[in-house]
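One structure is given below, encoded as structure tokens.
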Amino acid sequence: MTPTRRDLNDTIDAAIEAGLDQLAVEAPSGLADRTLVAVGLAEAYAPIETVIGTIWVAFNGLGVSAVEAAESSQAFEAHMHAEHGRPAHRLEALPPRLAGAIQRRLAGDRRVQIPLDLRGHSSFETDVWMKALEIPRGEVRPYGWIASEIGRPKAVRAVGTALGHNPVPLIVPCHRVVRSDGMLGQYSLGGPANKRALLASEGLDPDGMEGLARAGIRYVGSDTTHVYCLPTCHNAKRITDRHRVLFRSAAAGISAGYHACQHCRPVAAAA
Amino acid sequence: MDVATRSETADGTPADLRPALAANLDAAFPAFVEAEMSRIYGVALRLTGQPADAEDLAQDTLVRAYRALATWEPARIREFNVRPWLASIVVNLARNRARARLSRPTTVSLVDELAHAGIALHETPHGRLERREAAEAWAARLLALPERYRAPLVLRHVDGLSYDEIGQALERPAGTVKAQVHRGIALLRLALDAEAGAGFAPSSTRPSPTVRQEAAR
Numbered sequence: 002m003t004p005t006r007r008d009l010n011d012t013i014d015a016a017i018e019a020g021l022d023q024l025a026v027e028a029p030s031g032l033a034d035r036t037l038v039a040v041g042l043a044e045a046y047a048p049i050e051t052v053i054g055t056i057w058v059a060f061n062g063l064g065v066s067a068v069e070a071a072e073s074s075q076a077f078e079a080h081m082h083a084e085h086g087r088p089a090h091r092l093e094a095l096p097p098r099l100a101g102a103i104q105r106r107l108a109g110d111r112r113v114q115i116p117l118d119l120r121g122h123s124s125f126e127t128d129v130w131m132k133a134l135e136i137p138r139g140e141v142r143p144y145g146w147i148a149s150e151i152g153r154p155k156a157v158r159a160v161g162t163a164l165g166h167n168p169v170p171l172i173v174p175c176h177r178v179v180r181s182d183g184m185l186g187q188y189s190l191g192g193p194a195n196k197r198a199l200l201a202s203e204g205l206d207p208d209g210m211e212g213l214a215r216a217g218i219r220y221v222g223s224d225t226t227h228v229y230c231l232p233t234c235h236n237a238k239r240i241t242d243r244h245r246v247l248f249r250s251a252a253a254g255i256s257a258g259y260h261a262c263q264h265c266r267p268v269a270a271a272a
Numbered sequence: 002m003d004v005a006t007r008s009e010t011a012d013g014t015p016a017d018l019r020p021a022l023a024a025n026l027d028a029a030f031p032a033f034v035e036a037e038m039s040r041i042y043g044v045a046l047r048l049t050g051q052p053a054d055a056e057d058l059a060q061d062t063l064v065r066a067y068r069a070l071a072t073w074e075p076a077r078i079r080e081f082n083v084r085p086w087l088a089s090i091v092v093n094l095a096r097n098r099a100r101a102r103l104s105r106p107t108t109v110s111l112v113d114e115l116a117h118a119g120i121a122l123h124e125t126p127h128g129r130l131e132r133r134e135a136a137e138a139w140a141a142r143l144l145a146l147p148e149r150y151r152a153p154l155v156l157r158h159v160d161g162l163s164y165d166e167i168g169q170a171l172e173r174p175a176g177t178v179k180a181q182v183h184r185g186i187a188l189l190r191l192a193l194d195a196e197a198g199a200g201f202a203p204s205s206t207r208p209s210p211t212v213r214q215e216a217a218r
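From first to last, the protein sequence lines are chains A and B. According to the numbering used here, the first sequence holds residues 2 to 272 in order. According to the numbering used here, the second sequence holds residues 2 to 218 in order.
As structure tokens, then:
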């Protein structure tokens, strides 16, 4: 019996279906890693060069999650795993847009937005870090200033602890926060020498700052404007030697008839 | 890898990961990705024909799935129809992207840049299967079909969904899906006839004249 056109079509259709059944594929295995990074269940990371040497930056789809001074990529991965329990995947370099944003931020451009992944941290810590973000390049503020500005004037020590736990130093510039007596204090990203180097790179004179602090000077005023400032405030830097007045306390400034600067808000640091 | 063993039961059938997702989404999601990504990628690849687009689509699909699941009550997660739901996401994303590509350039997000930043890791070449000529030819014939026939065929043969499940994914009655699958097969038969008549196999994704005529009806 010769096959009918219909039989022939059925045979061809079966061949077509068999052909289509071959079209399943395996996903490229990098897809899983990229997906988990995108949703924030894994990190991608790469080194960047800074004035204090090689620093490791980790990020995921939610934002930058870690900035660390580690000896090696292995040491950084171990740190990430201990901190978050999430795998970290090494990149050759950061995505160009993120790398550019970080460089601009380090150069002092505070308009550039860098998303941060601060999951798992308390609102107090987050408040402290967001406040530190407001400190301009080339200026410093005491711990007590942050405490007052976030409405927790008595929490000076807790502010210090929170800054020590800052997961994204450099981006959140905790190096711009100093002890209330004006000494530079500790730094979590590789130690106090790095803090000095960073502040120097931002145009400050760490030795001069500590000299002033040792002499008990906390504030600087202008006898023309009768405004007093924190010593590194950009308004204080504009005061000429002839008109500069030094104060050991805010009270001393106020009793001399001086007003607090609107920019650095030294009153908040008086606590 | 222990993720793979956790996503399959002893007899090789996929494990039901929904209870684990409902209990702890973040802990269970990596196994879910491992279990589902190849089917999603396969669907995306056969819908678009472009490996790079398919990877983006598959990643977007899984990211959307995660974000949706993160907002669902555990009871809903335990009961959702995993594969039709994922299929609906990838088909819709592919459709939207094809439309968007016609009208405007795509914007690049930080996450999109990941693909270009070198998370290559253990990247394998895009599959041996794909290089096989026969499969390539079938993929090309499929790509030449109009989307309304291609999508049901891809979901049936690449994703392995039932007519009911395809109906859920495409929001069409199962009967319509069945008719579209049969129609799609008939169009492929015509394409084969045309190739046999012309004496060569298709080397590109351009529809043969016969198929284009059929599609226009």
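All C-beta atoms in this analysis are idealised placements derived from N, C-alpha and C, irrespective of residue type, glycine included.
Chain B contacts from the region 36-57 of chain A (Cβ-Cβ distance under 9 Å): T36, L37, V38, A39, V40, G41, L42, A43, A45, A47
C-alpha distance - A152(B) paired with H90(A), whole-angstrom precision: Along the second sequence, one-based indexing puts residue 152(B) at 151. Along the first sequence, one-based indexing puts residue 90(A) at 89. Computed Cα separation, rounded: 35 Å.
Within 8 Å, strictly: CB atoms of L24(A) and W139(B): Translated into the one-based positions of the first sequence, residue 24(A) becomes position 23. Translated into the one-based positions of the second sequence, residue 139(B) becomes position 138. Yes. Within cutoff.
Q263(A), buried or exposed, once every other Cβ within 10 Å from all chains shown has been counted against 16: Indexing the first sequence from 1 puts residue 263(A) at position 262. Q263(A) is exposed by the Cβ-count criterion.
Backbone secondary structure at F60(A) - three-state DSSP: Position 59 of the first sequence, counting from 1, holds the residue named residue 60(A). In this structure, F60(A) counts as strand in the three-state DSSP scheme.
DSSP bridge partner residues for R142(A) (one or two, in chain order): What you label residue 142(A) is simply residue 141 of the first sequence in a count that begins at 1. Paired residue(s): V178(A).
Close-in-space but distant-in-sequence residues of the same chain around V228(A) (CB under 6 Å, 5 per side omitted): As a working mapping, residue 228(A) is identified with position 227 in the first sequence. Around V228(A): H260, C262.
Member of G64(A), G62(A), P48(A), N61(A) whose CA lies at the smallest distance from the CA of Q75(A): Walking along the first sequence from the start, residue 75(A) turns up at place 74. Distance from the Cα of Q75(A) is smallest, within the candidate group G64(A), G62(A), P48(A), N61(A), for P48(A).
Chain A contacts made by the region 171-190 of chain B, where a contact means CB separation under 7 Å: I186, L189, R190
Cβ distance (whole Å) where S39(B) is taken to contact A28(A) below 8 Å: Looking up residue 39(B) in the second sequence gives position 38. Looking up residue 28(A) in the first sequence gives position 27. So it is a contact: roughly 4 Å between Cβ atoms.
Three CB pairs or more closer than 8 Å across the region 142-162 of chain B and the region 79-88 of chain B: yes
Alpha-carbon spacing of P193(A) relative to L185(A), whole angstroms: For the purposes of this step, residue 193(A) is taken as residue 192 along the first sequence, with counting starting at 1. For the purposes of this step, residue 185(A) is taken as residue 184 along the first sequence, with counting starting at 1. Straight-line Cα distance between these residues: approximately 8 Å.
Partners in chain A for G43(B), counting only beta-carbon separations shorter than 9 Å: Here residue 43(B) refers to the residue found at position 42 of the second sequence. Here the neighbours are L24, A25, V26, E27, A28.
Sub-8 Å separation of A245(B) and A95(B) beta-carbons: Residue numbering for chain B in the displayed model covers 2 to 218; residue 245(B) lies beyond these limits and cannot be assessed.
Within chain A, partners of S39(B) - CB distance below 8 Å: As a working note, residue 39(B) is residue 38 in the second sequence. Per Cβ cutoff of 8 Å: A25, V26, E27, A28.
C-beta neighbour in chain A for F30(B), strict 8 Å: In the second sequence, residue 30(B) corresponds to position 29, counting from 1. Yes, because at least one Cβ of chain A sits closer than 8 Å to the Cβ of F30(B).
Near-chain A residues of the region 154-166 of chain B (beta-carbon distance less than 7 Å), N- to C-terminal order: L154, H158, V159
CB contact below 8 Å: W139(B) versus chain A: In the second sequence, residue 139(B) corresponds to position 138, counting from 1. It does: the Cβ of W139(B) has a partner Cβ on chain A nearer than 8 Å.
L171(A): contacting residues in chain B (beta-carbon distance under 7 Å): Here the question's residue 171(A) lines up with position 170 in the first sequence. Result: empty, since nearest Cβ-Cβ is about 18 Å, beyond 7 Å.
Within 8 Å of chain B by C-beta, residues of the region 3-19 of chain A in sequence order: N10, I13, D14, I17, E18
Residues that L134(A) contacts on chain B, provided the C-beta gap is smaller than 8 Å: Counting from 1 along the first sequence, the entry for residue 134(A) is found at position 133. Residues of chain B passing the Cβ test: none, with the nearest at roughly 19 Å.
Contact set between the region 54-68 of chain B and chain A, restricted to residues whose Cβ is under 8 Å from the partner: E56, A59, Q60, L63, V64, Y67, R68
For E69(A), the residue or residues it bridges with in DSSP: Here residue 69(A) refers to the residue found at position 68 when the first sequence is read from its first residue. W57(A).
Cut-off 8 Å between Cβ atoms - residues of its own chain near E211(A), not counting five sequence neighbours on either side: To locate residue 211(A), count along the first sequence from 1; it is residue 210. Result list for E211(A): G183, M184, L185, in chain order.
Sufficient close CB pairs (3 or more, under 8 Å) joining the region 43-60 of chain A to the region 87-106 of chain A: Yes, they touch.
Start and end residues, alpha helix (DSSP H) containing V64(B): Counting from one through the second sequence, the residue named residue 64(B) turns up at place 63. Residues 52-72.
CB of I103(A) within 8 Å of CB of V58(A), strictly: Working through the first sequence from its first residue, we reach residue 103(A) at position 102. Working through the first sequence from its first residue, we reach residue 58(A) at position 57. Closer than 8 Å, so yes.
Assigned secondary structure, E1(A) (DSSP; H/G/I helix, E/B strand, else coil): In the structure displayed, chain A extends from 2 to 272; residue 1(A) sits before or after that span and is not available.
Option in E37(B), P174(B), A195(B), L189(B) with minimal Cα separation from P147(B): Reading the second sequence from its first residue, position 146 is the one you call residue 147(B). With distances taken between Cα atoms, P147(B) lies closest to L189(B).
Bounding residues of the alpha helix (DSSP H) (the contiguous stretch that carries S39(B)): Taking the first residue of the second sequence as 1, we reach residue 39(B) at position 38. Run containing S39(B): 26-49, per the alpha helix (DSSP H) assignment.
Per-residue burial, R19(B) [other beta carbons within 10 Å of its own, 16 or more giving buried]: On the second sequence, residue 19(B) is found 18 positions in, with the first residue counted as 1. By the Cβ-count criterion, R19(B) is buried, with 16 or more other Cβ atoms from all chains shown falling within 10 Å of its own Cβ.
Helix, strand or coil at I115(A) according to DSSP, with G and I counted as helix: In the first sequence, the residue the question calls residue 115(A) occupies position 114. Of the three classes helix, strand and coil, the one that applies to I115(A) here is coil, per DSSP.
Residues that A33(A) contacts on chain B, provided the C-beta gap is smaller than 8 Å: For the purposes of this step, residue 33(A) is taken as residue 32 along the first sequence, with counting starting at 1. In chain order: P31, V34, E35, M38.
Under 8 Å from the C-beta of A95(B): neighbouring residues of chain A: Numbered from its first residue, the second sequence carries residue 95(B) at position 94. Ordered by position in chain A, no residue passes the 8 Å Cβ test against A95(B), which lies about 15 Å from the chain.
Outcome for E134(B) when other beta-carbon atoms lying within 10 angstroms are tallied against a minimum of 16: Here residue 134(B) is taken as the residue at index 133 of the second sequence, counted from 1. Answer is exposed; the Cβ neighbour count stays below 16.
Under the three-state DSSP convention, the category D14(A) falls into: Counting from 1 along the first sequence, the entry for residue 14(A) is found at position 13. Note: D14(A) maps to helix in three-state DSSP.
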